Amino acid sequence: MSQSIESVLTENRSFAPSEEFARAAQVKSMAQYEEMYRRADEDPEGYWAEVASELAWTKKWSKTLDWKLPDAKWFVGGQLNASVSCLDRHVATWRKNKAALLWEGEPGDTRVLTYGQLHREVCKAANALIALGVKKGDFVAIYLPMIPEAAIAMLACARIGAPHTVVFGGFSAEALGDRIKDAKAKIVITSDGGWRRGAIVPLKENVDRAVEGTSIEKVVVVKRCANDVAMKDGRDVWWHDTVDVASPRHEAESFDSEHTLFTLYTSGTTGKPKGILHTTGGYLTGAYYTTKLVFDLRDEDIFWCTADIGWVTGHSYVVYGPLANGATVLMYEGAPNQPGPDRFWDIIAKWGVTVFYTAPTAIRAFMRWGDQWPAKHDLSSLRLLGSVGEPINPEAWMWYREQIGHNRCPIVDTWWQTETGSIMISPLPGATPTKPGSATRPLPGIAADVVHKDGTPAKANEGGFLVIKKPWPSMLRTIFGDHERFQKTYFGEVAGCYFAGDGARKDADGYFWVMGRVDDVINVAGHRLSTMEVESALVSHPKVAEAAVVGRPDDLKGQAIVAFVTPRQGVAADEALAKVLREHVSSQIGALARPEEIRFAEALPKTRSGKIMRRLLREVASGSKSRGDTTTLEDQGVLERLAQSFAQEE
Ligand code: PRX
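Quick note on numbering: the sequence shown equals residues 1017 to 1666 in this note's numbering.
Given below as C-alpha cells:
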C-alpha cells in the first residue's frame, strides 16, 4: 500500500471498457449512464418503481415512497415473497432446469442444484420450519458454513416470513450468544461443523454454549462433516430428519413490502454490534438492480462472489441478487489456500467462472503468494472482476487486472455497506472508464456526495464525509431495538443526509476515492470491527485494568489491531499475558478480532476530561515518524511528551 492515491491521481491512469464488452453490456456508454442518472435524479420514485416492477409482486404498491427522515417506506402497500422472486418465477420458465447453485466443498466434494431442485429444497425447509413452530415474524439464527443449506435456510425463512439473522461461522460462541439474545431468535440452524484449512470448525459446540439461557427452543443441525456431536433431547433435531421428510410443496404467502427480511449484525462505534434491519421489497429491489447493472449478468454467466453468507456481501451477491436475476452462482466452502495457494484459480478453471467478486485483502494475499499460482490455470472464462469491502490500493488493482483479468476484464470496485444493502458506488463495466483505486461514480438512483460537516459540498479533491442525500430502496430501516441510535448514527451527523461513516474525496471527473472510516470502526482484512468491541473484550479479562484499541495500516489486511493495555496492579506485563489476552479476545468475539499486537502501558494517555487520546495512540501504533519519535508505550516519558504536544494542538 505504498503508493498514495495522490500519485495515482497525478498519473491519471484510466482504463476504458473494450468495445466488445460495451456492445453486449446492460449499460453501453457513459452517455447512457448519464441519461439514466439524470432520469433517476429527476424522478427517483418513477425510476425505482420501474426497477421494482421487475420483481414478482402479488399486490402492486399504492405509493412508491413514504419518506419522513429518517424513516423510509418503499412500495407502500405492495406485497411479495422474496423467495418467489428468487425461485418460483424462474421455475415457471425454462430456467427450471438451469443450474442455480454450483457448490464445491473444501475437501473437493461438489453439488449442483437446478432452480427446480433448489425450489424443492427451500419448500421442504419452509415446511420443516413451520412444523418446528416457526411463525411469521419469528427470528431464526443461521450459523452455518458455506454449504447449500445456508442459502436454502435463508430462502426458507424468507418464504415463511421469518426474518433471518445469519451469524458468520468465524464468530465465537460468545458473539453468537449475544446476537441470538438481541434478536430473541427462536431457532438456530447450524451444522456438525464446516471445513476450513483441512480442519473442522466446531459450530455445533459453539451453539451449545451460545444458546444457554436464551430464547432458543430448537437447534436444527445439518450433517456436514460426519463428526460426533452431542444432540440434546427435545431441543436438537437433524436437518435430514426434519427437512428431508417434509413435503416439497409449499404455497408461498405474500408479505408486506416493509416486512422484515433479515437483520444482520455489524460493528458500530460502541461495544455493542448493531442489528441492521432490512425489509423485503426495497432490499430485494436494490440487490436485484445492482447485480444486474454492476455484474452485467447474462444467462450463460457463472457468478462467483467469494464472500461468506455471514456478511452482507454474501446475502446480496451470493443469494438474493443473483437468484432474483435467475443467474448461476458458485459457492465454495473453504479457505483460498487449501490444499494450495491456487485453490481459487483451480475453481475458476474447473467450473468456468465468468464473473468473479472478491476482497482486496484476498487479492493482496494472492499477490504475496506469487504470480505462478494463477498462471498455472486457464482463467480465460473470466470476463469481469469485482472488488469489495475496503479501499483497494492501486498496486493490488493493477495486479488483479494483469494477473487475473489478463488486461481483458473490466474491474468493478464497489463501495457499499451492510446498511446500504446493495452497491452504491461502482463502475458500470460496459460504460465507466476506471481508475485504479477509485470506486468511480454512484449508480443511477444513488445521490452520493462528499460534504463537510455542515453539509456544504467539498471541492474537487477536497476530503470530506461520504453521504447519500436521498433515500434509496435497500437502505436499512432501523437498528433492531434501537431506533434512536439509528437516527443519531446515520442521520444525526450531517443534516438531511445519510452519513456513511467513511471519508472520501471526489476528483475533477466526479470520481469517488473512498479513504476509509472516520469513526472508531476499523476494517481488518475486510472485516468490520469496532475498537470499543475489542476493548470491551479485553477489559472483561480479570488481569486487565484498562485497554485502548486502534487500527494501524497493514500491507496485507488493510488495518491490523493494536491494543494498548494497562494490567491490574501486581500483574506481570509479559509475553505470556499478551498471549492469554489475544486468545481471550478470540474467544469473546472470534479469531478475526485477535489483536496483532499488544502493548503494555502503566497508564493510557487521556485528555483532561478523561477521554483516551486515540489519535496519539494511532500514531504510536503505526510507528509514525512524523514527530521524530518511534516510541514504545513502555517509555511513559516519551508518551507524556507526545500527549502534551497533542493537547496543545487540540
Ligand atoms: O469503509 C467502507 C468499507 O467497508 C465499510 C462497510 O463494511 P461492511 O458493512 O462490513 O460491508 C462490507 C461489504 C459491503 C464501508 O463503510 N468499504 C466497503 N467497500 C469499499 C469500502 N471502502 C472502500 N472501497 C470499497 N469498495
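Where is the CB? At the ideal position from N, CA and C, for every residue including glycine.
If you're wondering where the values come from, they're calculated on a predicted model, not measured in any experiment.
Assignment of residue 1274 by DSSP, reduced to helix, strand and coil, places it in the coil class. The three-state reading of DSSP puts residue 1325 in coil, since its state is none of H, G, I, E or B. For residue 1490, the distance from the CB to the nearest heavy atom of the ligand PRX is not below 7 Å. When only Cα atoms are considered, residue 1137 and residue 1096 end up about 20 Å apart.
Beyond the five residues adjoining it in sequence on each side, residue 1129 comes within less than 8 Å, by CB distance, of 1115, 1116, 1117, 1119, 1137, 1164 in the same chain, given in chain order. The C-alpha of residue 1484 is placed about 8 Å away from the C-alpha of residue 1516.
Annotation: the segment 1151-1215 contains the following complete segments of the beta strand (DSSP E) (minimum length 3 residues), in chain order: 1156-1159, 1180-1182, 1203-1207, 1210-1212. When secondary structure is reduced to three states using DSSP, residue 1427 falls in the strand class. For residue 1551, the uninterrupted alpha helix (DSSP H) segment begins and ends at 1547-1555. The continuous beta strand (DSSP E) containing residue 1073 extends over residues 1073-1075. Judged by beta-carbon spacing, residue 1341 lies within the 8 Å limit of residue 1304, meaning their Cβ atoms are closer than that value. When beta bridges are read from the DSSP output, residue 1046 appears opposite no residue. The C-beta distance from residue 1090 to residue 1298 rounds to 4 Å, short enough to meet the 8 Å contact threshold. For residue 1337, the enclosing alpha helix (DSSP H) stretches over residues 1337-1340.
The alpha-carbon of residue 1337 is positioned some 9 Å away from that of residue 1438.
Here residue 1422 is exposed: its Cβ has fewer than 16 other Cβ atoms, across all protein chains shown, within 10 Å. Annotation: the segment 1080-1110 contains no complete segment of the alpha helix (DSSP H) (minimum length 4 residues). Around the beta carbon of residue 1167, a 10 Å sphere encloses 16 or more other beta carbons of the protein chains shown; the residue is thus reported as buried. In terms of Cβ geometry, residue 1256 and residue 1277 do not form a close pair [threshold 8 Å]. Residue 1487 is bridged by DSSP to nothing; it lacks a bridge partner.
Per the DSSP secondary-structure output, residue 1344 pairs in a beta bridge with 1318. Counting the other CB atoms within 10 Å of its CB gives residue 1604 a total of 16 or more, which places it among the buried residues. A heavy atom of the ligand PRX is found nearer than 7 Å to the CB of residue 1455. Within the same chain, Cβ atoms closer than 7 Å to the Cβ of residue 1144 are found at 1258, 1259, 1262, the five residues on either side in sequence being excluded. Exclusion of residue 1483 from the 7 Å shell around the ligand PRX follows from its C-beta lying no nearer than that to any non-hydrogen atom of the ligand. With a cutoff of 8 Å on beta-carbon distance, residue 1183 and residue 1192 are scored as near each other.
A residue is called buried once 16 or more other Cβ atoms fall within 10 Å of its Cβ, and residue 1099 is buried on that count.
Residue environment: residue 1085 is assigned as exposed (fewer than 16 neighbouring CB atoms within 10 Å of its CB, all protein chains considered). Straight through space, the alpha carbons of residue 1482 and residue 1507 are spaced by roughly 13 Å. In this structure residue 1399 is not in contact with residue 1374, their Cβ atoms being roughly 15 Å apart against a cut-off of 8 Å. Residue 1257 has its Cβ no nearer than 7 Å to any heavy atom of the ligand PRX. Between residue 1101 and residue 1300, the C-beta gap is smaller than 8 Å, which places the two residues in contact. Between residue 1538 and residue 1162, the alpha-carbon positions lie close to 25 Å from each other.
With respect to residue 1204, residue 1216 sits apart: the two C-beta atoms are not nearer than 8 Å. For residue 1601, the enclosing alpha helix (DSSP H) stretches over residues 1591-1604. Residue 1466 has its alpha-carbon roughly 7 Å from the corresponding atom of residue 1522.
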